[in-house]
Amino acid sequence: ATARLPRGRQFFANPGPTNIPDSILKAVAHVTIDFNDPAFLAVYDHCVAGLKRVLRTEQEVFLYTGSGHAAWEAALVNLFSPGDTLLVVETGYFSESWAKMAQDLGLKVRTIAADWRRGVDYAAIRAALAADGAHEIKAVCAVHNETATGMVLPLTEVRAALDAAGHPALLLADTISSLGSIDFRMDAWGVDVAVGGSQKGLMLPTGMSFTGVSAKAMAAHAGSRLPKSYFNWTNMLARRHKSFIGTVPTSLFYGLKESLRLLEEEGLDQVFTRHARLAEAVRRCVRHWSGNNGPQLFCLSPDRYSDSVTAILMPEGHDAEAVRRIALQTFNVSLGGGLGRLGGQVFRIGHLGDLNEPMILGTLSTVEVALRLAGVPHASGGVDAAIAYLAEAARGG
Ligand code: PLP
3 ATARLPRGRQ FFANPGPTNI PDSILKAVAH VTIDFNDPAF LAVYDHCVAG LKRVLRTEQE
63 VFLYTGSGHA AWEAALVNLF SPGDTLLVVE TGYFSESWAK MAQDLGLKVR TIAADWRRGV
123 DYAAIRAALA ADGAHEIKAV CAVHNETATG MVLPLTEVRA ALDAAGHPAL LLADTISSLG
183 SIDFRMDAWG VDVAVGGSQK GLMLPTGMSF TGVSAKAMAA HAGSRLPKSY FNWTNMLARR
243 HKSFIGTVPT SLFYGLKESL RLLEEEGLDQ VFTRHARLAE AVRRCVRHWS GNNGPQLFCL
303 SPDRYSDSVT AILMPEGHDA EAVRRIALQT FNVSLGGGLG RLGGQVFRIG HLGDLNEPMI
363 LGTLSTVEVA LRLAGVPHAS GGVDAAIAYL AEAARGG
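According to UniProt numbering, the sequence shown is numbered sequentially starting from 3.
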């Protein structure tokens with residue numbers, strides 16, 4: 003396949019960052035404004051209140067100028083002391099990365115090992131907590147949606163494991179690729195810290211992240227001794243914005259105001275239904291391709307399918323990067339690659355954010371062309387399976 007000059011709109015099918023709707027692009031292009039200007043403060047307060055509705059929390063929210071990693075770090079340094087132990091539920095590349103960050107910061111990590119394709123066994127979480135009678139574990143860290151594998155981790159199961167053991171550990175949830183795409187309820191699910199970012203379900207540019215923080219987590223913060231300054235929640239609370247040590251990224255708030263308008267105009271439940279529908283269309287297509295020893299769904303547990311991203315496992319001996327290269331260079335479709343140990347073995351289709359049927363069908367059709375050009379075995383016509391499903395769904399079937 004030959005590279006071509008990109009023309010037309012790029013089909014951006016990465017699982018984050020995601021497509022930014024035109025109305026958000028326009029909103030972000032706001033002239034400079036003093037972040038203490040009353041006109042901006044009104045927008046700011048409106049956005050923080052809206053973000054709490056999306057997180058489904060009535061507790062504190064702290065925001066950071068920085069990508070999701072900043073909010074990961076903020077959560078850790080604000081809650082813990084050197085040598086504290088965390089229990090990390092293994093989901094994939096992102097649970098590993100968060101665990102490594104915790105170790106870099108001087109925390110001890112125990113991992114509940116899990117098969118990346120099947121997901122953790124809830125009994126293993128229950129057993130680890132039950133065995134910790136001395137309550138050495140200060141928190142359980144769970145990635146709600148593992149972006150690298152395309153799998154969800156039902157947080158209610160993690161909460162239930164904590165409750166069953168009567169264990170006082172905090173529950174920290176990474177919602178970076180679930181918030182605004184897959185149902186998440188911080189307060190109802192007893193999540194103590196919810197970590198989120200701007201560039202996925204919220205459809206904003208990268209560069210802002212945040213944490214919802216429960217009263218129980220604020221109490222833990224009061225006793226925490228890890229060094230912190232820029233991320234220190236106590237320092238933040240002393241400021242008018244109750245977040246951001248330094249200049250507030252005002253443009254992102256004009257964008258967030260529009261993002262919240264879009265999400266609430268559609269209704270969060272409808273947003274989740276749309277994601278579930280588009281995700282199922284992708285899965286039907288991939289299942290069809292898997293005939294003739296073709297690529298298959300990486301996730302082997304149907305109850306853990308992610309509705310925001312699908313990871314697709316290549317047949318033995320075929321390189322996912324070759325498919326991605328053809329999709330991008332010949333057809334201007336940007337797919338996600340395999341992360342960490344999955345490099346070259348999987349490619350990922352992001353189906354979150356500002357997305358509709360024609361966009362997903364365009365992406366799936368192009369991936370099928372790329373499979374053909376790359377000489378990857380597959381059952382052709384996967385897109386027909388997606389079309390049949392989407393037609394049925396639109397009829398209300
Ligand atoms: N956690 C999850 C689940 C993610 O998908 C990502 C990024 O893709 C991160 C954390 C890291 O966030 P960022 O890349 O915004 O720093």
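Ideal Cβ positions, reconstructed from N, Cα and C, are used throughout, including at glycine.
Tell me whether the beta-carbon of residue i lies closer than 8 Å to the beta-carbon of residue j.
{"i": "LYS140", "j": "ALA171", "result": "yes"}
{"i": "LEU88", "j": "CYS143", "result": "yes"}
{"i": "GLU260", "j": "ILE26", "result": "yes"}
{"i": "ALA313", "j": "CYS301", "result": "yes"}
{"i": "LYS202", "j": "GLY355", "result": "yes"}
{"i": "LEU206", "j": "LEU254", "result": "yes"}
{"i": "THR113", "j": "VAL90", "result": "yes"}
{"i": "PRO251", "j": "GLY214", "result": "no"}
{"i": "residue 2", "j": "ASP134", "result": "Absent from the model: residue 2. The displayed extent of the chain is 3 to 399, so no value can be given."}
{"i": "ALA387", "j": "HIS290", "result": "yes"}
{"i": "GLN61", "j": "SER216", "result": "yes"}
{"i": "VAL378", "j": "MET316", "result": "yes"}
{"i": "ARG187", "j": "ARG58", "result": "yes"}
{"i": "TRP118", "j": "TRP100", "result": "no"}
{"i": "GLY70", "j": "ILE178", "result": "yes"}
{"i": "ALA29", "j": "LEU174", "result": "no"}
{"i": "VAL111", "j": "LEU157", "result": "no"}
{"i": "SER303", "j": "ARG120", "result": "yes"}
{"i": "ASN147", "j": "SER308", "result": "yes"}
{"i": "ARG241", "j": "PRO84", "result": "no"}
Of the choices the options, whose alpha-carbon is the least far from that of residue i?
{"i": "GLY199", "options": "ALA221, ASP176 and TRP291", "result": "ASP176"}
{"i": "SER211", "options": "ALA29, VAL63, ASP134 and HIS48", "result": "VAL63"}
{"i": "residue 1", "options": "ARG374, ILE389 and LEU392", "result": "Since the displayed the chain opens at 3 and closes at 399, residue 1 lies outside it and no answer follows."}
{"i": "GLN12", "options": "ALA104, ALA329, GLY152 and VAL378", "result": "ALA329"}
{"i": "ASN21", "options": "VAL378, ALA388, ALA395 and HIS353", "result": "HIS353"}
{"i": "LEU155", "options": "ILE127, LEU337 and HIS223", "result": "ILE127"}
{"i": "THR368", "options": "ALA115, VAL288, ARG306 and ALA222", "result": "VAL288"}
{"i": "GLY338", "options": "GLY192, ALA31 and ALA150", "result": "ALA150"}
{"i": "GLY10", "options": "GLY364, GLU138, LEU357 and ARG241", "result": "GLY364"}
{"i": "SER183", "options": "VAL193, LEU204, ALA190 and ALA41", "result": "LEU204"}
{"i": "THR249", "options": "SER303, ALA136, TYR66 and ALA51", "result": "TYR66"}
{"i": "LEU7", "options": "TYR391, THR332 and LEU157", "result": "THR332"}
{"i": "PRO80", "options": "LEU265, ALA167 and ALA221", "result": "Here residue 80 turns out to be Asn, not Pro, going by the sequence shown. Closest option to ASN80, Cα to Cα, is ALA221."}
{"i": "LEU265", "options": "ALA390, CYS49, VAL45 and ARG327", "result": "CYS49"}
{"i": "PHE82", "options": "ALA224, TRP191 and ALA129", "result": "ALA224"}
{"i": "GLY152", "options": "ALA281, ASN294 and ALA395", "result": "ALA281"}
{"i": "ALA393", "options": "GLY108, ALA51, ARG286 and VAL56", "result": "ARG286"}
{"i": "ASP106", "options": "ALA116, GLY121, ALA115 and ASP86", "result": "ASP86"}
{"i": "LEU366", "options": "GLY192, VAL325 and GLY398", "result": "VAL325"}
{"i": "ALA166", "options": "GLU138, TRP191 and LEU131", "result": "LEU131"}
{"i": "ARG263", "options": "VAL33, ALA5, ARG55 and LEU43", "result": "ARG55"}
{"i": "ASP185", "options": "ALA129, GLY269, ALA240 and MET238", "result": "GLY269"}
{"i": "residue 2", "options": "ASN295, ILE389, ARG327 and ARG397", "result": "The requested residue 2 does not occur in the structure, where the chain is confined to residues 3 to 399."}
{"i": "VAL197", "options": "ALA72, ASN334, ALA390 and ILE362", "result": "ALA72"}
{"i": "ASP116", "options": "PHE246, ALA31 and ALA125", "result": "In the sequence under discussion, the amino acid at residue 116 is Ala, which differs from the Asp named in the question. Minimum Cα distance to ALA116 is reached at ALA125."}
{"i": "LEU299", "options": "GLU267, PHE349 and ALA376", "result": "PHE349"}
{"i": "SER245", "options": "TYR46, ILE351, ALA136 and ALA41", "result": "TYR46"}
{"i": "ASP24", "options": "LEU357, ALA395 and MET103", "result": "LEU357"}
Is residue i near the ligand MG, in the sense that its beta carbon is under 7 Å from a heavy atom of that ligand?
{"i": "HIS71", "result": "No copy of the ligand MG occurs in the structure displayed; its ligands are the ligand PLP alone."}
- 3 or more residues per run - each beta strand (DSSP E) lying fully within the segment 104–159: Uninterrupted beta strand (DSSP E) stretches at least 3 residues long and entirely within the segment 104–159 occur at 110–114 and 139–145, given in chain order.
- Query: Is there contact between the segment 333–353 and the segment 382–393, where contact requires at least three CB pairs shorter than 8 Å?
  - Reply: No, because fewer than three Cβ pairs between the segment 333–353 and the segment 382–393 fall closer than 8 Å, the two stretches do not touch.
- Message: Across the segment 317–325 and the segment 160–168, are there enough close Cβ pairs to call them in contact, namely three or more that are closer than 8 Å?
- Response: Segments in contact, no.
- Query: Can you find at least 3 beta carbon pairs, one from the segment 222–232 and one from the segment 15–25, that sit closer than 8 Å?
  - Reply: Using a C-beta cut-off of 8 Å, the segment 222–232 makes no contact with the segment 15–25, since fewer than three inter-stretch Cβ pairs fall below that distance.
- Message: So, does the segment 81–98 touch the segment 273–283, judging by three or more C-beta pairs under 8 Å?
- Response: Segments in contact, no.
- Query: Counting pairs of Cβ atoms below 8 Å between the segment 244–258 and the segment 21–39, do you hit three or more?
  - Reply: Counting Cβ pairs under 8 Å, three or more are found: they touch.
- Task: Please specify which runs of the alpha helix (DSSP H), each continuous and at least 4 residues long, are wholly inside the segment 211–263, giving them in chain order.
- Result: Entirely contained in the segment 211–263, the alpha helix (DSSP H) runs reaching 4 residues are, in chain order, 217–224 and 235–239.
- Message: Ignoring anything shorter than 4 residues, give me the alpha helix (DSSP H) runs that lie fully in the segment 253–332, in order along the chain.
- Response: Within the segment 253–332, the complete alpha helix (DSSP H) runs of at least 4 residues are 270–291.
- Message: Please give the ranges of any beta strand (DSSP E) in the segment 346–397, keeping only runs that are unbroken, at least 3 residues long and fully inside the region.
- Response: Counting whole runs of 3 or more residues, the segment 346–397 contains the beta strand (DSSP E) stretches 348–352.
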